[in-house]
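So the structure is just underneath, and the comments pick up after that.
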Amino acid sequence: MISERRFSRITRLHWWLAGLATIMVAGVVAGGIVFAKGLVVTNLSDLVPWGLWITIDLSSIALSAGAFLLSAAVYLLGLRRYQPVARTAVFIGLIGYTMAVLTLLLDIGRPDRFWHALVYWNPHSVLWEVTMCVCLYLCVLALEVAPIIGQTEWMRKRWPRVASRLEWLHHFAPYLAVVGLLLSMLHQSSLGATYGVLKARPIWYRPGLSVLFIISAAAGGISLTTLATMLTSRLSSQVKVEDALLDRLASVVGWVLVGYLYFRFWDAFSMTYTYEPGRTEGLRLITQGPLAFNFWVGEILIGAVIPIILLLNPRTRGNVWLRMIALAMVVGGVVAYRWDTNLAGMLVVLTYLPQEIVARYTSYVPSLIEFIAGAGVVAYGIFAFTLGVRYLNVVDHRYRPYKSRSVSTASAGD
Amino acid sequence: MSEGSVMEDFSLERRGFLKTLIAGATTLLSLRAFRRVSAAGPEGSSPHSWAMVIDQSKCTGCGHCTLACRAHNDVPPEISWNRVIQAENVNDQPVFVSRPCMHCEHAPCVEVCMVRASRYRADGIVIMDYDRCIGCRYCEVACPYNVRAFNWETFTGENPAVPEWGQPEIPRRPRGVVEKCSFCSHRIDRGLSFGLAPGIDEEATPACVVACPVGARIFGDLNDPESNVSRAIATHHTYRLREDLGTGPRVYYIPPHVEVGT
Numbered sequence: 184m185i186s187e188r189r190f191s192r193i194t195r196l197h198w199w200l201a202g203l204a205t206i207m208v209a210g211v212v213a214g215g216i217v218f219a220k221g222l223v224v225t226n227l228s229d230l231v232p233w234g235l236w237i238t239i240d241l242s243s244i245a246l247s248a249g250a251f252l253l254s255a256a257v258y259l260l261g262l263r264r265y266q267p268v269a270r271t272a273v274f275i276g277l278i279g280y281t282m283a284v285l286t287l288l289l290d291i292g293r294p295d296r297f298w299h300a301l302v303y304w305n306p307h308s309v310l311w312e313v314t315m316c317v318c319l320y321l322c323v324l325a326l327e328v329a330p331i332i333g334q335t336e337w338m339r340k341r342w343p344r345v346a347s348r349l350e351w352l353h354h355f356a357p358y359l360a361v362v363g364l365l366l367s368m369l370h371q372s373s374l375g376a377t378y379g380v381l382k383a384r385p386i387w388y389r390p391g392l393s394v395l396f397i398i399s400a401a402a403g404g405i406s407l408t409t410l411a412t413m414l415t416s417r418l419s420s421q422v423k424v425e426d427a428l429l430d431r432l433a434s435v436v437g438w439v440l441v442g443y444l445y446f447r448f449w450d451a452f453s454m455t456y457t458y459e460p461g462r463t464e465g466l467r468l469i470t471q472g473p474l475a476f477n478f479w480v481g482e483i484l485i486g487a488v489i490p491i492i493l494l495l496n497p498r499t500r501g502n503v504w505l506r507m508i509a510l511a512m513v514v515g516g517v518v519a520y521r522w523d524t525n526l527a528g529m530l531v532v533l534t535y536l537p538q539e540i541v542a543r544y545t546s547y548v549p550s551l552i553e554f555i556a557g558a559g560v561v562a563y564g565i566f567a568f569t570l571g572v573r574y575l576n577v578v579d580h581r582y583r584p585y586k587s588r589s590v591s592t593a594s595a596g597d
Numbered sequence: 134m135s136e137g138s139v140m141e142d143f144s145l146e147r148r149g150f151l152k153t154l155i156a157g158a159t160t161l162l163s164l165r166a167f168r169r170v171s172a173a174g175p176e177g178s179s180p181h182s183w184a185m186v187i188d189q190s191k192c193t194g195c196g197h198c199t200l201a202c203r204a205h206n207d208v209p210p211e212i213s214w215n216r217v218i219q220a221e222n223v224n225d226q227p228v229f230v231s232r233p234c235m236h237c238e239h240a241p242c243v244e245v246c247m248v249r250a251s252r253y254r255a256d257g258i259v260i261m262d263y264d265r266c267i268g269c270r271y272c273e274v275a276c277p278y279n280v281r282a283f284n285w286e287t288f289t290g291e292n293p294a295v296p297e298w299g300q301p302e303i304p305r306r307p308r309g310v311v312e313k314c315s316f317c318s319h320r321i322d323r324g325l326s327f328g329l330a331p332g333i334d335e336e337a338t339p340a341c342v343v344a345c346p347v348g349a350r351i352f353g354d355l356n357d358p359e360s361n362v363s364r365a366i367a368t369h370h371t372y373r374l375r376e377d378l379g380t381g382p383r384v385y386y387i388p389p390h391v392e393v394g395t
């Protein structure tokens, strides 16, 4: 009976991995076409140079924000209870940042010169700062994930010395948390500033973007970590979670969203008062134009209002399904916000003519290749997380390697 | 727990070492960063400050400037370093705006480029380093004048503007980099090395200025009060595109006879 159940579960996992692998193969083929033929196979243009891929890039970084927030909570605020959640978040973070790097390699015209960003510095460029932070933070995440690999049973059996070395990196967790917090605060907000400093695009040119980017990243990052943990515990009997922790995190998300909505409201409302060429058109695009559904339904209703109600009401939050739905909505809302922000500035084309500044609209729909390559990157992320759950025990709330480092094998082997 | 204490000692020793290492690396990196920041301005010095004046009362919108530019700079047909657009009608006469790169004094593209592939020259020209550009296209997003174009594919085959409008003088740009007007810096540099005067001697003057059949384009040195651009700016009412942005373009326009206003 038990073996039969085990068999059926493994089969299901295999199907799941095979499906994701198929999408990944399609993504690799699409990526190969992009590298062979160039970015001409996308629907990007000189008017809309950034599109779907930049959205995936921004979203995967934003949704990885759980890593630095939970690490800071555990090691700096001393909320040790959340340590197993931080473990999950750090692993998701590492996946998210590698997804971002993969998408960037697709998106830049000369991926063979990616190292130029590390060698030729322009500290005046916001994107330079973002690149530096992302590279350094990727190292921080790798160091934070290393002990997870060192703790696995197979690693201990096969390479015990390497395993203990990797686990030893735990000592640095508080320092890594400080560095991770600094780097993340910098680049999570500078990603907003990447848009926010551009005078040429009035809808972006405002200080609020950095603030909104980091607050929405906080909500989205914690949501994704909590959601992934809950989903995993539903889908795998191997995984045990402490629901009280997840319930608490979900209510934190609810409050972060309240703050986000407040800033968002004043940020948007202040732009409606007078006509400003380019900015008013961009706002119109968002509130009445082609992005209106995304904005009102995706960002505001699904991305903020409904989750706030569901997550701040203890009864609805206590319902596992409603909580998961609300968290998934927050994740979707963050992606919608990144997509809308990018396009609101791109789709309005301001003339440079001297008379009255005229705004025209352009359009952008990603090409099939962009969709497939993007789907490949996302499938890679889910694939890597599944493997992490299965082989690295990244979701397991019985796991407390900090209090007693030697018991880890006992819990992993059951 | 002797093993544990050994580990502790070891980690402390290593921690000290790491601290020294990190401190050293930080010092080195900050020194390097400082050097880079100070180097972000133009390199070297130049007695010149190049600028262009475009007389809209003369421009007929024939587009010779665009074609000559395509030939001399080997620009693919789908890209225009110098676009000519019909802006409006004044007294039933069409008014054209022809637009090269503005070579801004405070160029958004230079400010945002993370690898410093876009740079200021000491003579004010904003140049592109095509060997350094990684193709992120941030400069395209940042440019208020839409002067930048990305090489979405490799430019192969014949250039339709060659040889009718001139011969290519610079290599084609590879796929995946952003390109733009250079004020024909290669012509200026070569001309100066032969003792020629850019703006006066055709060989040392941007191709678009030479090609203009009605003399609507003037090129020269703003540092020389007697140059033709300095005199044109002194004697005419001129304006620059989107001056409100504070970019400080090096391209000045003489409006058509009826005031356009800025």
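From first to last, the protein sequence lines stand for chains P and R.
Sequential numbering from 184 applies to the first sequence in the working numbering.
Sequential numbering from 134 applies to the second sequence in the working numbering.
Ideal Cβ placement from N, Cα and C applies to all residues, glycine included.
C-beta atoms of residue i and residue j nearer than 7 Å
i: P/T286; j: P/V560; result: yes
i: P/L222; j: P/A562; result: no
i: R/H390; j: R/S231; result: no
i: R/C345; j: P/N305; result: no
i: P/P537; j: R/Y372; result: yes
i: R/E359; j: P/H307; result: no
i: P/G465; j: P/V541; result: no
i: P/T412; j: P/V578; result: yes
i: P/T314; j: P/A325; result: no
i: P/L570; j: P/I491; result: no
i: P/Y320; j: P/L366; result: yes
i: R/T338; j: R/C237; result: no
i: R/A201; j: R/G328; result: no
i: R/L355; j: R/S182; result: yes
i: P/K423; j: P/R581; result: yes
Chain-ordered neighbours of residue i on chain R, where CB pairs are closer than 7 Å
i: P/V223; result: W285, E286
i: P/I469; result: By Cβ distance, chain R contributes nothing, its closest Cβ being about 18 Å from P/I469, past 7 Å.
Chain P residues whose Cβ lies nearer than 8 Å to that of residue i
i: R/P241; result: L381, K382, A383
i: R/V310; result: G292, R293
i: R/N279; result: D229, L230, V532, Y535
i: R/V274; result: P232, W233, L381, A383, R384, G528, M529
Close Cβ partners of residue i (< 6 Å) along its chain, the five nearest in sequence each way excluded
i: R/S135; result: Unreliable positioning characterises R/S135 in this predicted model, as indicated by a pLDDT of 42, which lies under 50. The coordinate reading is nonetheless provided below. Contacts found: none.
i: P/L392; result: G375, Y378, G379
i: R/V186; result: I351, V362, A365, Y385
i: P/R195; result: none
i: R/S179; result: A255, D256
i: P/F476; result: none
i: P/Q471; result: none
i: P/R498; result: none
Close beta carbons around residue i, own chain, < 7 Å, minus the five adjacent residues each side
i: P/L246; result: G279, G403, G404, L407, V514, V517
i: R/V295; result: A204, P301
i: R/A172; result: In this predicted model, R/A172 has a pLDDT of only 44, less than 50, meaning its place in the structure is not dependable; the value taken from the coordinates is given anyway. If we look at R/A172 and ignore the five residues flanking it on each side, it has no Cβ neighbours.
i: R/D262; result: A250, R252
i: P/I332; result: M338, L349, L575
Contacts that residue i makes with chain P (C-beta to C-beta distance below 7 Å)
i: R/M247; result: A300, N305, S308, L310, W311, T314
i: R/G157; result: Going along chain P, no residue has its Cβ under 7 Å from R/G157, so there is no contact; the nearest lies around 17 Å.
i: R/R265; result: H299, Y303
Neighbour list for residue i in chain R, Cβ cutoff strictly below 9 Å
i: P/P537; result: A220, V230, Y372, R373, L374, R375, E376, Y386, P388, V393, G394, T395
Same chain, Cβ closer than 8 Å to residue i, neighbours up to 5 away in sequence not counted
i: R/F94; result: No information on residue 94 of chain R is available, as it lies outside the stretch 134 to 395 that chain R covers here.
i: P/R588; result: Because the pLDDT of P/R588 is 41, which lies under 50, any placement of that residue in the model is unreliable, and the number read from its coordinates should be weighed accordingly. E350, H353, listed in sequence order.
i: P/F218; result: P294
i: P/V309; result: S373, A376, T377, V380
Neighbouring residues, chain P, relative to residue i (Cβ below 9 Å)
i: R/A282; result: D229
i: R/G268; result: L222, D290, I291, G292, R293, P294, R296
Min CB distance residue i to chain A below 7 Å
i: R/R216; result: Annotation note: the requested chain A is absent from the structure, which comprises protein chains P and R.
Requested in this report: Any chance you could list the beta strand (DSSP E) runs of at least 3 consecutive residues sitting entirely within the stretch 206-243 of chain P, in chain order?
Outcome: The qualifying runs do not exist here; there are none.
Requested in this report: Starting from the N-terminal side, write out each stretch of the alpha helix (DSSP H) that is 4 residues or longer and does not extend beyond the stretch 462-546 of chain P.
Outcome: Listed in chain order, the complete alpha helix (DSSP H) runs (minimum 4 residues) inside the stretch 462-546 of chain P are 462-470, 489-495, 497-501, 503-529.
Requested in this report: Please go through the stretch 168-226 of chain R and give each complete beta strand (DSSP E) segment of 3 or more residues, from N-terminal end onward.
Outcome: Runs of the beta strand (DSSP E) inside the stretch 168-226 of chain R: 183-188, 216-223.
**Report entry** Sufficient close CB pairs (3 or more, under 8 Å) joining the stretch 306-317 of chain R to the stretch 288-298 of chain P
**Finding:** Yes, the stretch 306-317 of chain R is in contact with the stretch 288-298 of chain P.
Query raised in the report: How about the stretch 502-513 of chain P and the stretch 422-435 of chain P: do they share at least three Cβ pairs that are nearer than 8 Å?
Result: Output reads yes: the stretch 422-435 of chain P touches the stretch 502-513 of chain P.
**Report entry** 4-residue-minimum alpha helix (DSSP H) runs that sit fully inside the stretch 306-331 of chain R, ordered along the chain
**Finding:** Runs of the alpha helix (DSSP H) inside the stretch 306-331 of chain R: 318-326.
Query raised in the report: Would you say the stretch 522-529 of chain P touches the stretch 474-491 of chain P, given that touching needs at least three Cβ pairs under 8 Å?
Result: By the Cβ test, the stretch 522-529 of chain P is in contact with the stretch 474-491 of chain P, since at least three Cβ pairs between them sit closer than 8 Å.
Query raised in the report: Does the stretch 526-542 of chain P come close enough to the stretch 226-240 of chain P to have 3 or more Cβ pairs within less than 8 Å?
Result: Flag = yes, the stretch 526-542 of chain P and the stretch 226-240 of chain P touch.
Query raised in the report: Between the stretch 380-387 of chain P and the stretch 235-242 of chain P, are three or more C-beta pairs nearer than 8 Å?
Result: Judged by Cβ distances under 8 Å, the stretch 380-387 of chain P makes no contact with the stretch 235-242 of chain P, as fewer than three pairs qualify.
Report task. Would you be able to state if there are at least three C-beta pairs under 8 Å between the stretch 254-270 of chain P and the stretch 346-365 of chain P? Result -> Yes: the two stretches touch, three or more of their Cβ pairs being nearer than 8 Å.
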